[in-house]
Amino acid sequence: MAEGKNYLNHETTIWSWLTTVDHKRIGLMYLFTISCFFIAGGVAAILMRLELAKAGGDLVAPDVYNVLFTLHGAIMIFLFIVPGIPATLGNFLIPLMIGAKDVAFPKLNLLSYYIYLVGAIMALLAIIPVDWISAWLPEFLTNFLTWLGLSGPADTGWTFYAPYSLETGSSVIWMTGAAFVLGFSSILTGLNFIVTIHKLRAPGMSWDRLPVFIWASYATAVIQTLATPIVGISLLLLIMERVFGVGIFNPDLGGDPVLYQHFFWFYSHPVVYIMVLPAFGVVGEIIPVFSRKPLFGYKAICYATLAIAVFGFIVWAHHMFTSGLSNASAFYFSLATFTVAVPTAVKVFNWVSTMYKGSISFDTPMLYAMGFVFLFMVAGTTGIYLATLAVDVFYHDTYFVVAHFHYTIQGGAVIGLIAGLHFWFPKITGKMYNEVAGKIGWVLVFFGFNLTFLPQFVLGMNGMPRRYYDYPPEFEWLHTLSTIGALINGIGYSFALLNMLYAFIWGKKIAPRNPYKSLSLEWDTQSPPIHENFEETPTVTDYPYAYGVPVKEAV
Amino acid sequence: MADNGLGHIVPKKTYLSIFLALIFLTVVTVWIAQFDFGVLNIVIAMFIASIKAGLVAMFFMHLKYEDPLTWVYVLFPLFLLALLIGGVFLDAPFR
Amino acid sequence: MSEHVASGPPHVHHMDAKTAYSAAKLGMWLFLATEILLFGGLFAGFAIYRWQYLSEFAHASEHLNWKMGALNTAILIFSSYAVVLGVDAAQHGENKKVKKWMLVTLLCGCGFLVVKFFEYKSKYEHGLFPGTVDHITNIAFNSPEFNAQYKMFFGLYYCMTGLHALHVIIGMGIIFWIYLLAKKNRFSTDYYTPVEVGGLYWHLIDLIWIYLFPLLYLVG
Amino acid sequence: MFRYLPEQASEIAPKIDWINNLITDLSVFFTVAIVGVMIFFAIYYRKKDGVDHETPQIKGSHTLEWIWTVLPTLVCIYIAYYGVIYYQELRYVPDDAMVVNVVGQKWNWSFKYENGKETSNVVYVPVNRRVKFLMESKDVLHSFFIPAMRVKRDLVPGMYTYVSFTPVMTGEYHVFCTEYCGQDHYDMTAKLKVVSQAEYDEWVNYKEDLSAFTPVELGKKLYTGKGCNACHSLNGKKIIGPSFLKAYGREVELESGEKFKSDENYIKNSILAPNSQIVKGYPKNQMPAFEGQLDDTQIGNIIAFIKSLDGSQAIEEEVLPEKSDVDVTKLTPVERGKYIYQNKLCVTCHSLDGSKVIGPSFKGIYGREGELQDGTKYVVDDEYIKSSILKPMSQVVKGYPAAMPPYEGQLNDDDIAGVIEYMKTLK
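Chains as they are written, first to last, in my numbering: chain A, 837 to 1391; chain B, 14 to 108; chain C, 8 to 227; chain D, 4 to 430.
Printed below as a string of structure tokens:
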């Protein structure tokens, strides 16, 4: 298969990559870019954990620490995990899975990538610590950077809460501007996917035959398209306030800082589902394949996906229970939040049931998928604490929230991404990675991750507030454990990614067309796929999970 | 032209009457604004504006002839907007 | 949505012409949905602050010139009318007429911006703008009766109309692009997607103004 | 299982903990059950010899879907209900609640009691009495969090917010700021001290009614309260700054050679911006600027006090504590350090409870790290403390005024060693 032309080798110049409108290549370009930012955000996280390893300031000054957690948050959220699965696996797989030759608007797809790149560059500019390094810079450069409105890295936290974000001297405008531009890119990607899934499905690919990854990507795309504008306008207003002094969120001018939080979370709660829904999709693809069983409750999972996307829009103010919110709102948003718990639980039950009477093999993607189920159970159940009004009052803005969030996003979305990358690695690269190394990576990631964040639950229960540079000495041993975990976790990710990178470049083992005997459409073409995806447009006759021997009746 | 399966063609007369209706409603909005109905001022103004917006969307933008999918993506954002405004009004006035 | 560069129904390798047309239209409607929500944030903000500062907003609104607002409303409605006639012409493959109506629309856009410019200018001269500028002596904003709530009204006024004006400019760019395509006789009864889709965008600009005008100028 | 919440120091704490622990138990149960089943399936149905075995094509079950939709829904409703009920209780304030006004400002908490008494970074409340903390922020968002009381609420500029609780246990508890507020967010902490009603009454009423005093008396209070007495004597003796005796109307000669009579303007200016007009023969950069720390009335009182020191009344030597006959050489180093702390006026500017007075608190000072005004980093070790005592101006910590007098020649090495040992005990 390798000697044939495929999307990787049919053109090889750099220029052909930079101007490509092929969704597969754009997906890989995204993958490369977000990996760089994953490393950058990870370095910030490690520095932060090292600082916190012992009580007292050891490594950096408080203001540097504040910059570190802001950068970690902003980079990981806006530059890494929001485009994380949709723009990489989504871009690569959506047309393949629905039997299309490309996304609906290929040029728009490339444009989204470049808009993303512009946003990324703006974010990088906002990171330059102009104030700290100006002594070593030539004067004209310092003057130029100052003229651009750059001073020091943003230290607002990734949430940019007003009024602190209105008065701090750092390059907040550039950071919020970057988030705005990245949001624009995200909107265009989402819009493209919605149209693609509606208009370009292969003959016979009805909605009840769509892979669950497509359902998840569709729900994600809807959120991307319709939630992002609200954060766009709030960030825009923040910039207007800083530049022109209009007073929408500024209490000195009659504005209401809590309104900013409403606007911000109207997007930033659904954005959690942008991150994690595609990971649900990935897990939903992996478990049936390695269990040789149909996905249990396919329809229930699809409806649950849509339900999560819709419910995700109606619960935003549960991030604001202590913000001065009215009681009426607090009651409503608490009750509404519980509605998300139900479809999420349904999904977990169905994944586990899929394995019943299966023929289960422990390939690396399956290990990640099973790890995901555990991590997501922890994430989901700790979410219940935070939805419960009286209890959330205690946990809000403590390490409990930090741990819960990381179980959801790192344990959910990032593990989902890594699982997906392993699973579709043969399809994307045409090679096989080293299975043993893959498993070692999994062990390190899984145990490192839990060691990092389980202690943080305990810290939160003890009342340790987040975003603290230093802490009372009784919290020290838990912080030390967490730091050790973070280091192991970091090594684990590096190991897993390097394993795949090595196999991609130097790997000898050639992947067959369909190494897992999957029934999904993307395995129906060669590995890696040809430029046009399929030799001829496929016709679909069944949903992609009809594994096993038909039985008369469902149990 | 329906044979090529593309968009619906609306008679030009319809366009003209919609245009005239819009101008008429603009005059009405301005005229009615000189009377004070208290809290109803905003309701009346927004009601007329919504009729105008409806006319533009239905006829100028051919929404009337669009498939249910387009309707979903017109109504769902409006629902979200109502949700946002509703959520904000559930908070500030009850603090 | 700029898929098409070739003459006639452009060749799109991955879908047929009919799918391309409906995909482009769905894409534009989705984009309009995001625009509605973008402005929606501003409308929500305006609603809550108007509720909070009812009388201040009403007074501040009296500083706006409703006649200019009404004029701009009429201009935009007419421009929308011109666009639908342009779409109709494109549906009949009459490129010359498309050109004519796009030109009319462009003129309307310019007219709108000119009126807007004079409005902003008079506000500026009266010191009715956020922030401070030293050489303006008559800064009504800093007078004692011109309190924070008035500033809030004008802050929102500038954000809403400013963002809208930006959309008018972008819309004019799109209309101009359609004009250029029509000049090259690109449109036919089988292919008029850009006119239809660009027209949708222009109508949205009109649609938002339909709400902005009474909200800001009339009831305040 | 997994009971990690802090001590239950408020009336509502057991209720919130009950629902919290219920969630914990349910969570652990469901997680263990589901993951347990998953692991069981994974092992029991694994491909034992690496070959696929036949699997039944089970596509789903409506019954099961209904069960696991309805069951979590019921559990959720139950939990949500109690969450709302207890939240109402948290937010409820009876009319007779004792009100403490809280002001949050980067990065400091100040508290004002019903009788006007004020404290900073430490707050006293009586046990078994409902209190309401009425809070406002002077700058950005803060959040007032007392883990032991299970209360938290943001301070929003432009709006009053509150927390309310009934403490049921005496003791000392952490107060944290939990809404990120800038550089020293982590340091914006305070202590809540819950004491018996009797102790509270005694404490809160300790401060006399200021309206009963004349401006001269009030000025005298400020003289001791603000630490002026550390440097300005009342008997004509030169300590570090000029004595206040006959300071009003006295002929003053500045370093520049300029001469004039000391008047109200001069005194006021000297308090607010001392370094602008140092009297000839006195060191510069010794006195902290009191700009923003004293209001006009207070300055007026101090001026009145200084005016009263015209020499017509005998000066009672009550201000500087009488030197006792303690033989410091017989004390242990720690005791010696403590003695020096109390008698050399360190106490005026350096607190022991973590609150900022004029200089950094001594609480937990040993080993602390930070940044000096010139941007260099420091670690508090023996060497640093010694030079801070002898030559304070050489290393002023960022965010603090250059206010400390040098003790060169006043303390010997053993004294300093004692102070260092004493500091080490202040964890």
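Each residue gets a CB set at the ideal place from its N, CA and C atoms; glycine is no exception.
Find out if the Cβ-Cβ distance for the pair residue i, residue j is shorter than 8 Å.
i        : j        : result
G169(C)  : Y208(C)  : no
T1173(A) : H1232(A) : no
L275(D)  : F263(D)  : no
M101(D)  : A12(D)   : no
L223(C)  : S86(C)   : no
I921(A)  : A1115(A) : yes
V1281(A) : A1332(A) : yes
P1374(A) : G935(A)  : yes
A1177(A) : P75(D)   : yes
G877(A)  : H908(A)  : yes
L1072(A) : F1016(A) : yes
M1300(A) : Y1204(A) : no
So the alpha helix (DSSP H) residue i belongs to, where does it begin and stop?
i        : result
R339(D)  : 336-346
F1174(A) : 1163-1190
C115(C)  : 102-132
L1287(A) : 1271-1298
So if DSSP puts residue i in a beta bridge, which residue, or which two residues, is it bridged to?
i        : result
S167(D)  : K135(D)
N1369(A) : I1366(A)
N111(D)  : Q108(D)
E374(D)  : K380(D)
R49(D)   : I1196(A)
Y176(D)  : L195(D)
L257(D)  : V282(D)
V918(A)  : BP columns for V918(A) are empty, so no partner.
F263(D)  : V255(D)
T1234(A) : P1301(A)
T122(D)  : F114(D)
To the nearest angstrom, report how far apart residue i and residue j are at their CA atoms.
i        : j        : result
A962(A)  : V96(D)   : 46 Å
M865(A)  : N1163(A) : 47 Å
D431(D)  : S1354(A) : Nothing in the structure corresponds to residue 431(D), since chain D is present only between 4 and 430.
T379(D)  : Q296(D)  : 27 Å
N842(A)  : K1263(A) : 11 Å
A1239(A) : Y163(D)  : 31 Å
K1275(A) : A1255(A) : 11 Å
I930(A)  : L946(A)  : 15 Å
H235(D)  : P409(D)  : 15 Å
W71(D)   : F1185(A) : 7 Å
L1295(A) : V126(D)  : 25 Å
P1130(A) : V69(B)   : 49 Å
L93(B)   : P1351(A) : 44 Å
E182(D)  : Y1096(A) : 15 Å
Please return the same chain residues whose Cβ sits closer than 7 Å to the Cβ of residue i, not counting the five positions on each side in sequence.
i       : result
E321(D) : Residue confidence for E321(D) is low, a pLDDT of 45 falling below 50, so the modelled location carries little weight; the figure read from the coordinates is stated next. Counting only Cβ-Cβ distances below 7 Å, and skipping sequence neighbours, we find nothing.
S327(D) : Low local confidence applies: a pLDDT of 47 at S327(D) is under 50, so the model's placement there is unreliable, with the coordinate-based value given in what follows. Same-chain partners within the cutoff: there are none.
E267(D) : I306
N145(C) : Here N145(C) scores only 44 on pLDDT, less than 50, and its place in the model is too uncertain to base an answer on.
L78(C)  : V122
P336(D) : A420, G421, E424
What is the residue span of the beta strand (DSSP E) that residue i lies within?
i       : result
I149(D) : 145-149
R156(D) : 154-158
V399(D) : That residue, V399(D), is in no beta strand (DSSP E); it is neither H nor E in DSSP.
Who are the near neighbours of residue i in its chain, counting only those whose CB is closer than 6 Å to its CB and skipping five residues on each side?
i       : result
H66(C)  : none
K135(D) : V96, A100, V102, Y165, S167
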